[in-house]
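Take a look at the structure set out below.
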Amino acid sequence: MTDDTRAAAEELAERVRDGELRLHELEDHADADAAAAARRLLVEEWSGAPLDSVGDYGFAAEDADANIENMVGAVQVPMGVAGPVTVRGGSLDGERYLPLATTEGALLASVNRGCSVLDDAGGANARVLKSGMTRAPVFRVADVIEAEALVEWVRENRETLREAAEETTSHGELSEVTPYVVGSSVYLRFRYDTKDAMGMNMATIATRAACDVVEDETDASLVALSGNLCSDKKPAAINAIEGRGRSVTADVTVPREVVEERLHTTPEAVAELNTRKNLVGSAKAASLGFNAHVANVVAAMFLATGQDAAQVVEGANAITTAEVRDGGLYVSVSLASLEVGTVGGGTKLPTQAEGLDVLGVRGGGDPAGSNADALAEAIAVGSLAGELSLLSALASRHLSSAHAELGR
12 MTDDTRAAAE ELAERVRDGE LRLHELEDHA DADAAAAARR LLVEEWSGAP
62 LDSVGDYGFA AEDADANIEN MVGAVQVPMG VAGPVTVRGG SLDGERYLPL
112 ATTEGALLAS VNRGCSVLDD AGGANARVLK SGMTRAPVFR VADVIEAEAL
162 VEWVRENRET LREAAEETTS HGELSEVTPY VVGSSVYLRF RYDTKDAMGM
212 NMATIATRAA CDVVEDETDA SLVALSGNLC SDKKPAAINA IEGRGRSVTA
262 DVTVPREVVE ERLHTTPEAV AELNTRKNLV GSAKAASLGF NAHVANVVAA
312 MFLATGQDAA QVVEGANAIT TAEVRDGGLY VSVSLASLEV GTVGGGTKLP
362 TQAEGLDVLG VRGGGDPAGS NADALAEAIA VGSLAGELSL LSALASRHLS
412 SAHAELGR
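Everything in the sequence shown is counted per this note's numbering, starting at 12 for the first residue and increasing by one.
Here you go:
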C-alpha cells in the first residue's frame, strides 16, 4: 500500500467513524484500493482480527467493481493444473491443462491420475448436446380458465414475446417459452441462447420485457420475475431433465490392460461399483446427482475460471455410467445443467481470466458461443477424469491409503 493510499484510507475511515459516510459510499470519495483499505481498518478495529493477508491481493480493486460490494480484499485459493489431457470435443480439440482451484488436498492428484489414464486411452470425447439459459416468471390468474387462455396466448404470440425480449440484448436469442400451470399460478419458462455469456442477467432483463407484454395483452398479473421453475442455484429435477446452461457429456473407452496396470483394478469391478454406488446408492438416497464427486471438479474449475460458484449446485447434476465393452471399460459423465461463460461476471478478473487463457477460451468465441461450449467440454472431461480415478481407487480399495500417503 502506498503512503497516499494509506492516508486516504485513514481519512475515509475517520469519516465513517464520525457518521459522515457509510461503508458502501467510500468509492465515491476515493479510488477503490483506498476504499478497500479503509474498510479493512474499520473491520480490524471492530473485530480485532488482522487482515494483512486479505489485503495482499494481486489486482487493482477497481477490476472487481462489477463483482463485489464493500470490498476489503481478496481470498486466495490455491490453483493447480491437471493434465495435459487430450480433449476431442466439438469446440475444444487437442491437449489442454485443466486449471483447478481448491483447498481439498488429494483432489488435483486424483484428477491428474484420471487425465493420464484418459490420455493412455487416446483421449476423451466431449460434446455439448443442448444449450440455453432459463428464467421462469410466475403469473397470477383468476382460475384454470384464465390459465388456459394465457397458455394459448403464449403459444400464439411467441414471435411477439421474442421481439420484446430480444430488443433488450444484442447477443441473446429467445429459443422457446414453455408454460406450466398449477392452479391459479402460471409459470412461463423462457429459454435463451446466450452465446459465450453464462447469461443469467441477460435472460432476466429480456424476460422482464416479455413479461410487460404479457401483462399488457392478457389478464395475468406478474407475481415474481423468478418463480423458481428456472431453476437457479437449487437442486431441481427440471434442470436434470430439460437442462439449463450447457448439457454436456464426456466419455472414453479404456483398454483392459490400462485399467489393470494404471488403475490396479478391472473393468468388471469398476462397472459393478458404479452401478451399486452411483446408480443404486444414489437412487436409494433420492439424490439428483448419480455420480461419485463431479461437484469437486466443477467447483474447482469454476473458481479457477471465474464462474458463479453457487451454480455448482446445478453443475453437479450429473450421471456417471460405466460398463464393460469389448473387454475394456467404457465410462461416461453427463452434466445436465452446467452454467458457464467466458465473457462477463468473474471471467474479467485478472487471475480468473488467466485460468481461461490456460484453456484458450477467454472472451467471445468464433462462432459466438463456441468458447463457452469449449469450457463446458473441458469441465466435462475433468469430471470424467475425476470419476474414473475415484471409482478405481474405491474398486481397488486404495482410497484411504492414497489420502494417508498424501497426508490429507
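For every residue, glycine included, the Cβ atom is placed at its ideal position computed from N, Cα and C. Nothing here was measured: the structure is a model prediction, and the numbers come from that model.
Rounded straight-line distance, which links the Cα of residue j to that of residue i
{"i": "S102", "j": "S258", "result": "14 Å"}
{"i": "K206", "j": "F150", "result": "28 Å"}
{"i": "D130", "j": "D262", "result": "12 Å"}
{"i": "L199", "j": "S403", "result": "44 Å"}
{"i": "S242", "j": "R219", "result": "16 Å"}
{"i": "L62", "j": "R51", "result": "7 Å"}
{"i": "A327", "j": "D230", "result": "39 Å"}
{"i": "S411", "j": "T260", "result": "In this prediction, S411 scores a pLDDT of 45, lower than 50, which makes its location untrustworthy; the coordinate-derived value is nonetheless stated afterwards. Cα-Cα distance, rounded: 29 Å."}
{"i": "M12", "j": "N239", "result": "45 Å"}
{"i": "R273", "j": "A329", "result": "25 Å"}
{"i": "T97", "j": "M209", "result": "25 Å"}
{"i": "E80", "j": "A333", "result": "45 Å"}
{"i": "S293", "j": "V162", "result": "36 Å"}
{"i": "H304", "j": "A41", "result": "45 Å"}
{"i": "E38", "j": "A214", "result": "29 Å"}
{"i": "E106", "j": "C126", "result": "11 Å"}
{"i": "V54", "j": "D319", "result": "26 Å"}
{"i": "T179", "j": "N168", "result": "18 Å"}
{"i": "M82", "j": "A315", "result": "20 Å"}
{"i": "V372", "j": "A306", "result": "22 Å"}
{"i": "G66", "j": "A48", "result": "7 Å"}
Run of the beta strand (DSSP E) containing residue i, from where it starts to where it stops
{"i": "D207", "result": "That residue, D207, is in no beta strand (DSSP E); it is neither H nor E in DSSP."}
Paired residues, beta bridge with residue i - DSSP
{"i": "T332", "result": "S343"}
{"i": "F150", "result": "V197 and L233"}
{"i": "D104", "result": "R99"}
{"i": "N136", "result": "R99 and D262"}
{"i": "S142", "result": "R257"}
{"i": "Y191", "result": "Y198"}
{"i": "G91", "result": "L111"}
{"i": "F301", "result": "I330"}
{"i": "E349", "result": "The identity of residue 349 in the sequence shown is Leu, whereas the question assumes Glu. R257."}
Boundaries (first-last residue) of the alpha helix (DSSP H) holding residue i
{"i": "T316", "result": "V305 to T316"}
{"i": "V128", "result": "L118 to D131"}
{"i": "G397", "result": "S381 to A406"}
{"i": "V162", "result": "V155 to E167"}
{"i": "L53", "result": "A43 to S58"}
{"i": "L240", "result": "Note, L240: premise wrong, no alpha helix (DSSP H); not H, not E."}
{"i": "T276", "result": "First-last for T276: undefined, no H or E at that position."}
{"i": "G326", "result": "V323 to G326"}
{"i": "T358", "result": "Careful: T358 lies outside any alpha helix (DSSP H) and carries neither H nor E."}
{"i": "A320", "result": "Where A320 is concerned, there is no enclosing alpha helix (DSSP H), given that its DSSP letter is neither H nor E."}
{"i": "R28", "result": "D14 to R28"}
Where residue i falls, given that 16 or more other Cβ within 10 Å makes a residue buried
{"i": "N78", "result": "exposed"}
{"i": "A296", "result": "exposed"}
{"i": "D44", "result": "buried"}
{"i": "G252", "result": "Reading off the sequence, residue 252 comes out as Ile, not Gly. It is exposed - the Cβ of I252 has fewer than 16 other Cβ atoms within 10 Å."}
{"i": "E388", "result": "buried"}
{"i": "V234", "result": "exposed"}
{"i": "E398", "result": "buried"}
{"i": "V188", "result": "buried"}
{"i": "E350", "result": "buried"}
{"i": "E36", "result": "exposed"}
{"i": "P148", "result": "buried"}
Q. Is there contact between the region 146 to 159 and the region 192 to 207, where contact requires at least three CB pairs shorter than 8 Å?
A. yes
Q) Does the count of Cβ pairs from the region 323 to 341 and the region 265 to 279 closer than 8 Å reach three? A) yes
Q: Kindly confirm or deny that the region 216 to 226 and the region 132 to 143 touch, where touching means at least three C-beta pairs closer than 8 Å.
A: no
Q: Count the C-beta pairs between the region 354 to 370 and the region 283 to 300 that are closer than 8 Å, then say yes if the count reaches three, no if not.
A: no
Q.
For the region 105 to 123 against the region 307 to 316, do three or more pairs of beta-carbon atoms, one drawn from each stretch, fall closer than 8 Å, so that the two count as touching?
A. yes
Q: Give a yes or no on contact between the region 378 to 391 and the region 70 to 89, applying the rule of three or more CB pairs nearer than 8 Å.
A: no
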